[in-house]
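Visitor:
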Amino acid sequence: MEQPELELPYYSPTSLRVGGVFKQSPEDFEVEEIPAYLPSGEGDHRYLWIEKTNVAAEQLVRHIAQSLGIRRDDVGVAGLKDRQAVTRQWISVPFAEEQDLEQLNTPNIRVLSESRHRNKLKTGHLKGNKFTLWLRDVSPDAGSHLPQLVDFINANGVPNYFGDQRFGRDGETLELGMNLLKGTASPKSIPFSRRKFLLRLALSAVQSQLFNELLAERIRTQSVSDIAEGDVMEVAASGGLFLVDDVEEARQRVASGEILTTGPLFGAKMKFPSGVTRERELAVLEAHGLSLEDFNRFPKLTRGARRSLLIRPHEVSGEYVAAENSARLSFDLPSGSYATIVLREFTKSPEQGNASC
Numbered sequence: 542m543e544q545p546e547l548e549l550p551y552y553s554p555t556s557l558r559v560g561g562v563f564k565q566s567p568e569d570f571e572v573e574e575i576p577a578y579l580p581s582g583e584g585d586h587r588y589l590w591i592e593k594t595n596v597a598a599e600q601l602v603r604h605i606a607q608s609l610g611i612r613r614d615d616v617g618v619a620g621l622k623d624r625q626a627v628t629r630q631w632i633s634v635p636f637a638e639e640q641d642l643e644q645l646n647t648p649n650i651r652v653l654s655e656s657r658h659r660n661k662l663k664t665g666h667l668k669g670n671k672f673t674l675w676l677r678d679v680s681p682d683a684g685s686h687l688p689q690l691v692d693f694i695n696a697n698g699v700p701n702y703f704g705d706q707r708f709g710r711d712g713e714t715l716e717l718g719m720n721l722l723k724g725t726a727s728p729k730s731i732p733f734s735r736r737k738f739l740l741r742l743a744l745s746a747v748q749s750q751l752f753n754e755l756l757a758e759r760i761r762t763q764s765v766s767d768i769a770e771g772d773v774m775e776v777a778a779s780g781g782l783f784l785v786d787d788v789e790e791a792r793q794r795v796a797s798g799e800i801l802t803t804g805p806l807f808g809a810k811m812k813f814p815s816g817v818t819r820e821r822e823l824a825v826l827e828a829h830g831l832s833l834e835d836f837n838r839f840p841k842l843t844r845g846a847r848r849s850l851l852i853r854p855h856e857v858s859g860e861y862v863a864a865e866n867s868a869r870l871s872f873d874l875p876s877g878s879y880a881t882i883v884l885r886e887f888t889k890s891p892e893q894g895n896a897s898c
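Residue numbers 542 to 898, in the numbering used here, belong to the letters of the sequence shown in order.
Structure below.
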């Protein structure tokens, strides 16, 4: 049974709308990785700063491996970048004196610089990404609405929703995950060659859907920024979690950006809230016929975590270009947050695609 599509409410005023069309060309979407660290210049791994245009992430990795005669697993990346875009990121490969880097260059792939480092680049070795986006054919009110939306987002942030691609085509990945947790589908029904990958994907889709549902409900009821005793908060600087026992102090720390209110990525090891927040989160599970115990079926794949409900993009700016009837947006996001979740607050258009990077 296909899962019903979840309507995700906007956080910014619906009266403010830039509109427009996104991704008319790859050049309308630029992504530059913000590395967790820079290569030291010494070590057994060569770091390549690469720009690709309209090239899928896996296609880039295969091209590098084949061109240098190394295994695909020897190519290190911190994060996967969108295909229909111009992206710049670090890639690592084992260092070898005889490597001919010129052969990596194609009309759509360029090595911009190189260095060396002591370790292979691994998934998650990045702070985030810097995005520059163009919206074409924007609304007549774009010139006046754009600066107001920039000010709102800089002051209040955006919902930290997961993007649609998390759930698979027509929601089939999400449906598989629900059935696995309820025990109505068996992992053995998945072809062995893809079992580990699809299990992780399907169960993650359920966690993402439940998070989105809870966040959407809190925005609809205007309670997303409310803080209650028993809420699970995240310390922005360290990622540490704690339960609220002093609501007024927590409000002050949220206002200063020191801590963040979180929602659930359900799992066996997830830190659970107390009080009214606990009841709210359990209600989301019960609405799907799920319980916390269901996640114990896959303890290694559904450990659980907390995710901030709102996120404040850094350095949000916008420029209305009247001569081109276009708007240019730029902002920084941490890894795991979705650029088009920010974008949809400007366009107020549910048809926009999703990009996480």
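Cβ coordinates follow ideal geometry from the N, Cα and C atoms, glycine included.
Quick check: the Cα distance between Leu547 and Ser553, rounded to an integer number of angstroms?
Guide: To locate residue 547, count along the sequence shown from 1; it is residue 6. To locate residue 553, count along the sequence shown from 1; it is residue 12. In a straight line, the C-alpha of Leu547 is about 18 angstroms away from that of Ser553.
Visitor: Does the count of Cβ pairs from the segment 876 to 883 and the segment 713 to 720 closer than 8 angstroms reach three?
Guide: Taking 8 angstroms as the limit for Cβ pairs, the verdict is that the segment 713 to 720 does not touch the segment 876 to 883.
Visitor: From the DSSP output, in three-state form, read off Ile768 for me.
Guide: Taking the sequence shown and counting its residues from 1, the one referred to as residue 768 is at position 227. DSSP places Ile768 in coil when its eight states are reduced to three.
Visitor: Rounded C-beta distance between Leu722 and Phe836? I'm assuming under 8 angstroms.
Guide: The residue you call residue 722 lines up with position 181 of the sequence shown. The residue you call residue 836 lines up with position 295 of the sequence shown. Confirmed, Cβ separation roughly 7 angstroms.
Visitor: Leaving aside the five residues before and after Lys663 along the sequence, list all residues of the same chain whose C-beta is less than 8 angstroms from its C-beta, in chain order.
Guide: For this step, residue 663 is matched to residue 122 along the sequence shown. Cβ within range, chain order: Gly617, Ala619.
Visitor: Nearest to Glu758 by alpha carbon, out of Phe693, Arg821, Gly771, Val776?
Guide: Within the sequence shown, residue 758 is the residue found at index 217, counting from 1. It is Arg821 whose Cα lies nearest to the Cα of Glu758.
Visitor: So if DSSP puts His855 in a beta bridge, which residue, or which two residues, is it bridged to?
Guide: For this step, residue 855 is matched to residue 314 along the sequence shown. In DSSP, His855 forms a bridge with Asp873.
Visitor: Alpha carbon to alpha carbon, what distance is there between Phe703 and Arg657?
Guide: Position 116 of the sequence shown, counted from the first residue, corresponds to residue 657. Position 162 of the sequence shown, counted from the first residue, corresponds to residue 703. The alpha-carbon atoms of Arg657 and Phe703 are separated by roughly 34 angstroms.
Visitor: Report the three-state DSSP secondary structure of Glu860 (helix, strand or coil).
Guide: Residue numbering aside, residue 860 sits at position 319 when the sequence shown is read from its first letter. Of the three classes helix, strand and coil, the one that applies to Glu860 here is strand, per DSSP.
Visitor: What is the rounded straight-line gap between the Cα of Arg677 and the Cα of Asn866?
Guide: As a working note, residue 677 is residue 136 in the sequence shown. As a working note, residue 866 is residue 325 in the sequence shown. When rounded, the distance between both Cα atoms is 6 angstroms.
Visitor: Give the range of the beta strand (DSSP E) segment to which Ser745 is assigned.
Guide: Position 204 of the sequence shown, counting from 1, holds the residue named residue 745. No beta strand (DSSP E) contains Ser745, which is instead part of the alpha helix (DSSP H) from 733 to 761.
Visitor: Under DSSP, the alpha helix (DSSP H) around Val817 begins and ends at which residues?
Guide: Taking the first residue of the sequence shown as 1, we reach residue 817 at position 276. Segment 816 to 828, the alpha helix (DSSP H) holding Val817.
Visitor: Please report the straight-line C-alpha distance between Phe636 and Ala606, rounded to a whole angstrom.
Guide: Translated into positions along the sequence shown, residue 636 becomes position 95. Translated into positions along the sequence shown, residue 606 becomes position 65. Distance between the alpha carbons of Phe636 and Ala606 is about 13 angstroms.
Visitor: With a threshold of 7 angstroms between beta-carbons, can Thr818 be considered close to chain C, or not?
Guide: Absent here is chain C; the protein component of the structure consists of one chain.
Visitor: Go through its chain and collect everything with a Cβ distance to Gln644's Cβ below 7 angstroms, but skip five positions before and after it.
Guide: For the purposes of this step, residue 644 is taken as the residue at position 103 of the sequence shown. Cβ within range, chain order: Ser608.
Visitor: Take Pro840 as the anchor and find which of Pro681, Lys810, Val773 has the nearest alpha-carbon.
Guide: On the sequence shown, residue 840 is found 299 positions in, with the first residue counted as 1. Ranking the options by Cα distance to Pro840, first place goes to Lys810.
Visitor: Between Asn701 and Ile852, is the Cβ-Cβ spacing less than 7 angstroms?
Guide: Stepping through the sequence shown from its first residue, residue 701 is reached at position 160. Stepping through the sequence shown from its first residue, residue 852 is reached at position 311. Yes.
Visitor: Taking only the alpha-carbon atoms, compute the straight-line gap between Ser566 and Glu789 and give it to the nearest angstrom.
Guide: What you label residue 566 is simply residue 25 of the sequence shown in a count that begins at 1. What you label residue 789 is simply residue 248 of the sequence shown in a count that begins at 1. Ser566 and Glu789: Cα-Cα distance of roughly 48 angstroms.
Visitor: Leaving out five residues before and five after His686 in sequence, what residues of the same chain have Cβ atoms less than 7 angstroms from its Cβ?
Guide: Working through the sequence shown from its first residue, we reach residue 686 at position 145. The answer, listed in chain order, is Leu557, Arg558, Val559.
Visitor: I'd like the span of the alpha helix (DSSP H) that includes Glu599, first residue to last.
Guide: Stepping through the sequence shown from its first residue, residue 599 is reached at position 58. That run of the alpha helix (DSSP H) goes 598 to 609.
Visitor: Going by DSSP in three states, Arg558 sits in which element: helix, strand or coil?
Guide: Stepping through the sequence shown from its first residue, residue 558 is reached at position 17. The answer is coil: DSSP assigns Arg558 none of H, G, I, E or B.
Visitor: For the candidate residues Pro688, Asp692, Leu549, Glu599, whose alpha-carbon lies nearest to that of Ala868?
Guide: Your numbering for residue 868 matches position 327 in the sequence shown. Of the listed residues, the one whose Cα sits closest to Ala868 is Pro688.
Visitor: Look at the Cβ atom of Leu549, then the Cβ atom of Leu674, and state whether they are nearer than 7 angstroms.
Guide: Taking the first residue of the sequence shown as 1, we reach residue 549 at position 8. Taking the first residue of the sequence shown as 1, we reach residue 674 at position 133. Cβ atoms of Leu549 and Leu674: not closer than 7 angstroms.
Visitor: CA-CA distance, Phe783 and Pro648?
Guide: Position 242 of the sequence shown holds residue 783. Position 107 of the sequence shown holds residue 648. For Phe783 and Pro648, the distance between alpha carbons rounds to 50 angstroms.
Visitor: Tell me which residue opens and which closes the alpha helix (DSSP H) that Gln565 is part of.
Guide: In the sequence shown, residue 565 corresponds to position 24, counting from 1. Careful: Gln565 lies outside any alpha helix (DSSP H) and carries neither H nor E.
Visitor: Using the beta-carbon count (16 or more within 10 Å), is Pro681 buried or exposed?
Guide: What you label residue 681 is simply residue 140 of the sequence shown in a count that begins at 1. That one is exposed.
Visitor: With the cut-off set at 7 angstroms, would you say Glu770 and Gly816 are in Cβ contact?
Guide: Stepping through the sequence shown from its first residue, residue 770 is reached at position 229. Stepping through the sequence shown from its first residue, residue 816 is reached at position 275. Yes. Within cutoff.
Visitor: Considering only DSSP beta bridges, list what Pro576 is partnered with.
Guide: By one-based count along the sequence shown, residue 576 stands at place 35. Answer is Leu667.
Visitor: Starting from Val776, follow the beta strand (DSSP E) in both directions and report where the run begins and ends.
Guide: Position 235 of the sequence shown, counted from the start, is the residue given in the question as residue 776. 773 to 776 is the span of the beta strand (DSSP E), which, as asked, contains Val776.
Visitor: Spatial neighbours of Asn895 within its chain, please: C-beta separation below 7 angstroms, excluding the five flanking residues on both sides.
Guide: Looking up residue 895 in the sequence shown gives position 354. Any reading at Asn895 needs caution, since the residue's pLDDT is 44, under 50, leaving its predicted position unreliable; the model's value is listed next. The residues are Gly704, Asp705, Gln706, Tyr879, Thr881.
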